[in-house]
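First comes the structure, then the notes that go with it.
Protein chains in written order, with the numbering used here: chain L, 1 to 341; chain F, 1001 to 1341.
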């Protein structure tokens, strides 16, 4: 007991000294889950030089490939308050970097939730980031590559088509937008290619992660919401809550009844009604919640402008007021009994 | 002063309680550095459905692309002993995951060096992991995809060609090998595609990282060594030491004189002389050190079998005795005055 008090005193010292509060972890690490082995045959052997000046070596493309695995990185706090781990699943064309430091260098949601006492798992979906991707011999389609224009116009930073300009001074902004626009080009460094043909593999990776580390709470963003609801439908007993930040989209509601015991929160930013794509997505998202409620489940929505939080883009975890939104989500999780206050 | 003592008492409590020592960070986070903008034009606009059941949207491939940036993640310890940050650069076909938890779930070098008081930066080279990659319209060549056979036979786990078998029980092993072979398939989940045409971009990313966070100490592995020596030649005043784990290779020595004030350690595992490729690489590596010494510089080699540490593969940061090798490297860094003991 004495030592516990000593630790509290040390924490107080840190606060008194005015330093940013340190992060105390009981452990951290990473792993890959899931995936499958694919055998290729009949391809020609190549001679390649792997490093300039190095020797020639054979590259035989025939053989066994490990593909469709998923990477996850975990941070376990020394004094947990969350009752379960919190899994952060990013959106399309992005990686787990979404939840880390914001593009303009502020604290991101990973560390905000760690500081609130949550054990956090940040993953890269199959095909993205440290999960790697399979060859065109295995995945038959080519990936998409996003221009800088695409997220500016689609993530409700600028007012749709024509709002992006190469010159930052000439970019049109939705009025009052909270995205740190001076760091927009830095944000686009987070974008990675994506495929349109890999959904089954991506979902299998997420289910493998759930099987390894859950029971848990899911936090999903955008396309991650589609996979989050599918993974929860497959493993409803392992998902203790879902925080779906602007699901794009929640997908078909035919299996939503499986989530009747899973509290769900959907969070929406500003300008939804000005963007036909977001009007369509949010309609699907709310219909999914209606189906959960019809089955006896519990589903809440935070429509940020309606509670006085204005100007949020699709990338609200990076917006200037990201801490304010993290607080709203945290309060909801406490209300649901999933974390000590 | 009282509170500092309190913290020491709290740490002692943790040790007495027998728990794994927690990790105390003053900060952590991530960022992308470097890269360039590429403009594409004249490509057809496509109609795509980004999410099953979602609306159709336009994908216009024309426009500005952010490419060739590099991702880095940092962990800053609360009580640093290292005089500079330690940058960990992975090898070819891999990502920063190399230095994290080993494939069989033991602690990796990132956390071992953090616990020794080093601020650590782990990056993904341009084109790998969370750094993303550019489209075939920008990078003209296709990436390489590695089979499971390739690292088994090339990383000195098995005795070269013919030693890999799909059946783990039938895989031939170099006698006494320290690689955790039961986790070999898990290790292959860390492999990501690589290009043979992107060296200039990869190096530019590393130099951008050096410019952002150094002075520093570089720890490089395999292909990362090639880039480490080139980055140090470009910024010799910013690199305070290089620990090059099996560089593959050090590359041409014509600019090695630039490193005459940079202490260098090369570390080699076992079985080098049994593998023609490693004979060739190590010859280049040692010639580079000779050139550094000829210019008045300081260069050391730890040939692990010669100091009684046997059985190490190319992936020695994952080998069963990875802690023993980390200790040898750590001692060298202390000897060079780069860290308190």
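We put the beta carbon where it would ideally sit given N, CA and C, even for glycine.
These figures come from a predicted structure and were not determined experimentally.
**Q.** 7 Å CB neighbourhood of residue 1310 of chain F in its chain, flanking five on each side removed
**A.** Taken in chain order, the residues that qualify are 1176, 1270.
Q: Spatial neighbours of residue 1285 of chain F within its chain, please: CB distance less than 6 Å, with the 5 preceding and 5 following residues excluded, ordered by chain position.
A: For residue 1285 of chain F, same chain residues with a beta-carbon under 6 Å away, outside a window of 5 residues either side, are 1247, 1249, 1250, 1266 in chain order.
Q) Which residues in chain F sit within 7 Å of residue 277 of chain L, going by Cβ to Cβ distance? A) Per Cβ cutoff of 7 Å: 1055, 1057.
Q.
So, at 7 Å on beta carbons, what are the nonlocal neighbours of residue 130 of chain L in its own chain, with the 5 sequence-adjacent residues on each side left out?
A. Contacts found: 71, 124.
Q) Comparing alpha-carbon positions, which option in F/1034, F/1199, F/1315, F/1321 lies nearest residue 1190 of chain F? A) Looking at F/1034, F/1199, F/1315, F/1321, the one whose alpha-carbon comes closest to that of residue 1190 of chain F is F/1315.
Q. Any Cβ of chain C within less than 7 Å of the Cβ of residue 140 of chain L?
A. Checking the listed chains, one finds no chain C in this structure; the protein chains it contains are L and F.
Q.
Taking the alpha carbon of residue 73 of chain L as the reference point, which residue from F/1090, F/1341, F/1110 has its own alpha carbon closest?
A. Relative to the Cα of residue 73 of chain L, the nearest Cα in the group F/1090, F/1341, F/1110 belongs to F/1110.
(Q) Using a Cβ-Cβ cutoff of 8 Å, what residues of the segment 279-300 of chain L are near chain F? List them in chain order. (A) Flagged, chain order: 280, 281, 284.
(Q) Here's the rule I'm using: 16 or more other beta-carbon atoms within 10 Å means buried, otherwise exposed. How should residue 1098 of chain F be labelled? (A) Result: buried.
**Q.** 7 Å Cβ cutoff, residue 25 of chain L in contact with chain F
**A.** With 7 Å as the cut-off, residue 25 of chain L counts as an interface residue toward chain F.
Q.
Counting only C-beta atoms, is residue 162 of chain L closer than 7 Å to chain F at any point?
A. No, residue 162 of chain L does not count as interfacial toward chain F.
**Q.** Beta-carbon gap between residue 119 of chain L and residue 85 of chain L smaller than 7 Å
**A.** Yes. Within cutoff.
Q: Using a cut-off of 7 Å between C-beta atoms, extract the partners of residue 43 of chain L located in chain F.
A: Those do not exist, as residue 43 of chain L stays about 10 Å from chain F at its closest Cβ, beyond 7 Å.
**Q.** Option in L/150, L/254, L/304, L/224 with minimal Cα separation from residue 178 of chain L
**A.** Of L/150, L/254, L/304, L/224, the residue nearest in Cα terms is L/304.
**Q.** Other residues of its chain near residue 230 of chain L: CB distance less than 7 Å, five sequence neighbours each side excluded
**A.** If we look at residue 230 of chain L and ignore the five residues flanking it on each side, its Cβ neighbours are 203, 251.
Q. Which first and last residues belong to the alpha helix (DSSP H) in which residue 206 of chain L is found?
A. Its alpha helix (DSSP H) spans residues 199-213.
Q.
Do residue 104 of chain L and residue 20 of chain L count as a contact pair if the criterion is CB distance below 7 Å?
A. For residue 20 of chain L and residue 104 of chain L, no; Cβs fall outside 7 Å.
Q: Give a yes or no on whether the minimum CB-CB distance between residue 15 of chain L and chain F is below 7 Å.
A: Since pLDDT at residue 15 of chain L reaches only 42, below the 50 mark, its modelled position is unreliable, and the value read off the structure follows with that caveat. Contact of residue 15 of chain L with chain F is not assigned, every C-beta pair being separated by 7 Å or more.
Q: Could you tell me whether the segment 1203-1216 of chain F touches the segment 1224-1244 of chain F, using the rule of 3 or more Cβ pairs below 8 Å?
A: Output reads yes: the segment 1224-1244 of chain F touches the segment 1203-1216 of chain F.
Q) Name the DSSP bridge partner or partners of residue 30 of chain L? A) Its beta-bridge partners are L/73.
Q.
Going by DSSP, what residue range makes up the beta strand (DSSP E) through residue 1058 of chain F?
A. Looking at the DSSP string, the run of the beta strand (DSSP E) that includes residue 1058 of chain F is 1056-1059.
Q) For residue 165 of chain L, which of F/1039, F/1329, F/1030, F/1135 has the nearest alpha-carbon? A) Answer by Cα proximity: F/1039.
Q: Tell me, please, whether the segment 253-260 of chain L touches the segment 276-293 of chain L by the rule of three or more beta-carbon pairs shorter than 8 Å.
A: In the pairwise beta carbon analysis, the segment 253-260 of chain L is classified as touching the segment 276-293 of chain L: at least three pairs are separated by under 8 Å.
Q | Endpoints, beta strand (DSSP E) assigned at residue 220 of chain L | A | DSSP places residue 220 of chain L in the uninterrupted beta strand (DSSP E) bounded by 216-221.
**Q.** Residues, ordered as in the chain, of the segment 1125-1154 of chain F that lie near chain L by beta-carbon distance below 9 Å
**A.** Answer in chain order: 1128, 1129, 1130, 1131, 1132, 1133, 1134, 1135, 1136, 1137, 1138, 1142, 1143, 1144, 1145, 1146, 1147, 1148, 1149, 1150, 1154.
Q) Given residue 1323 of chain F, which residues of its chain have a CB within under 7 Å of its CB, disregarding the five upstream and five downstream residues? A) Hits under 7 Å: 1112.
Q. Between residue 1078 of chain F and chain L, is there a C-beta pair that is closer than 7 Å?
A. Chain L contact via Cβ: present.
(Q) Just to confirm, is the Cβ distance from residue 975 of chain F to residue 63 of chain L under 7 Å? (A) The structure shown does not extend to residue 975 of chain F, since chain F is modelled only from 1001 to 1341, so the question has no answer here.
(Q) I'd like the ranges of any beta strand (DSSP E) spanning at least 3 consecutive residues and lying wholly in the segment 1115-1154 of chain F. (A) Entirely contained in the segment 1115-1154 of chain F, the beta strand (DSSP E) runs reaching 3 residues are, in chain order, 1120-1124.
Q: Select from the segment 249-275 of chain L all residues with a C-beta closer than 7 Å to any C-beta belonging to chain F, and list them in chain order.
A: Listed in chain order, the positions of the segment 249-275 of chain L with a beta carbon within less than 7 Å of a beta carbon of chain F are 249, 251, 252.
Q: Starting from the C-beta of residue 1100 of chain F, find all residues in its chain whose C-beta is less than 7 Å away, skip the five residues before and the five after it, and write them out in chain order.
A: Excluding residues within five positions, the ones whose Cβ falls inside 7 Å are 1108, 1110.
Q: Confirm, please, whether the CB-CB distance from residue 338 of chain L to residue 241 of chain L is below 7 Å.
A: Yes, the Cβ-Cβ distance between residue 241 of chain L and residue 338 of chain L is below 7 Å.
Q: If I'm right that residue 75 of chain L touches residue 144 of chain L with Cβ under 8 Å, what's the distance once you round it to whole angstroms?
A: With a Cβ gap of about 31 Å, residue 75 of chain L and residue 144 of chain L do not count as contacting.
Q) Tell me the DSSP bridge mates of residue 339 of chain L? A) For residue 339 of chain L, which the question treats as bridged, DSSP gives the partners L/82.
Q) Hey, quick one: how far does the alpha helix (DSSP H) through residue 982 of chain F stretch, first residue to last? A) One cannot answer for residue 982 of chain F here, as it falls past the ends of chain F, which runs 1001 to 1341.
Q.
Is the separation between the beta-carbon of residue 1220 of chain F and that of residue 1244 of chain F shorter than 7 Å?
A. Yes.
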